[in-house]
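**Q** In our numbering, the protein residues as written are 18 to 209.
For every residue, glycine included, the Cβ atom is placed at its ideal position computed from N, Cα and C.
It should be emphasised that the depicted structure is a prediction, and the values quoted were computed from it without experimental measurement.
One structure follows; several queries about it will come next.
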């Protein structure tokens, strides 16, 4: 997680009305994890510089990990794979994790924008965005479409939107199994 330089953890009051920091949910690529944004892409240093130069507003950047599955082609199980941020009986409920758990934790524990209609604190979607790279781009698009009132902005960098070129037999078999399709059924309707 990235907190802007002016974020004061001692003055941490999550429920200040009409005040707070915008939140960007930044989803990582296949084969990576949340640390890739800090170690490879230097998100913290770049955000600090852009804030200092006045090019972006101070914001909280949340980078969740969705790399819990290892590649089926890796016998030693040392290479990270990915979950595409979807709900899956085999891999986990990653979309629910982002939308129902992570966002609630961020809004209740960090100084984000909240509204207070009728004595109830509600996160303000005008100050929330989702973005991602590769697998994370796909996840950002899917989550934003499934929950179209949660985000003011969505962006996807090189998202996977056509899967035929990278699906392996192992992955196809797992998808078939998860959806109750006979793995020997190769008809177009079953594949789709």
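Is residue 57 helix, strand or coil when you go by DSSP?
**A** Note: residue 57 maps to coil in three-state DSSP.
**Q** Would you report the Cα separation of residue 118 and residue 160, rounded to the nearest angstrom?
**A** Roughly 14 Å separates the two Cα atoms.
**Q** Should residue 131 and residue 83 be called a contact, given that it needs their Cβ atoms to be closer than 8 Å?
**A** Cβ atoms of residue 131 and residue 83: not closer than 8 Å.
**Q** What are the start and end residues of the beta strand (DSSP E) that includes residue 160?
**A** Run containing residue 160: none in the beta strand (DSSP E); it sits in the alpha helix (DSSP H), 152-163.
**Q** What's the gap between the Cα of residue 21 and the Cα of residue 198?
**A** C-alpha separation (whole angstroms): 48 Å.
**Q** Closer than 7 Å by C-beta to residue 150: which residues in its own chain qualify, once you throw out the five before and the five after it? Chain order, please.
**A** Closer than 7 Å at Cβ, skipping near neighbours: 45, 46, 174, 175.
**Q** Measure how close the beta-carbons of residue 166 and residue 142 come, nearest whole angstrom, since I'm counting them as under 8 Å.
**A** So it is a contact: roughly 6 Å between Cβ atoms.
**Q** Would you report the Cα separation of residue 102 and residue 76, rounded to the nearest angstrom?
**A** So the alpha carbons of these two residues sit roughly 23 Å apart.
**Q** Thinking C-alpha only, which one of 79, 114, 155 is nearest residue 145?
**A** For the residues 79, 114, 155, the minimum Cα distance to residue 145 belongs to 79.
**Q** Contact check, residue 60 vs residue 81 under 8 Å by CB: the rounded distance?
**A** Contact flag wrong, Cβ pair sits at about 13 Å.
**Q** Are the beta-carbon atoms belonging to residue 193 and residue 129 less than 8 Å from one another?
**A** Not in contact: residue 193 and residue 129 (Cβ atoms no closer than 8 Å).
**Q** Pick helix, strand or coil for residue 74, following the three-state DSSP scheme.
**A** In the structure shown, residue 74 sits in coil (DSSP, three-state: anything other than H, G, I, E or B).
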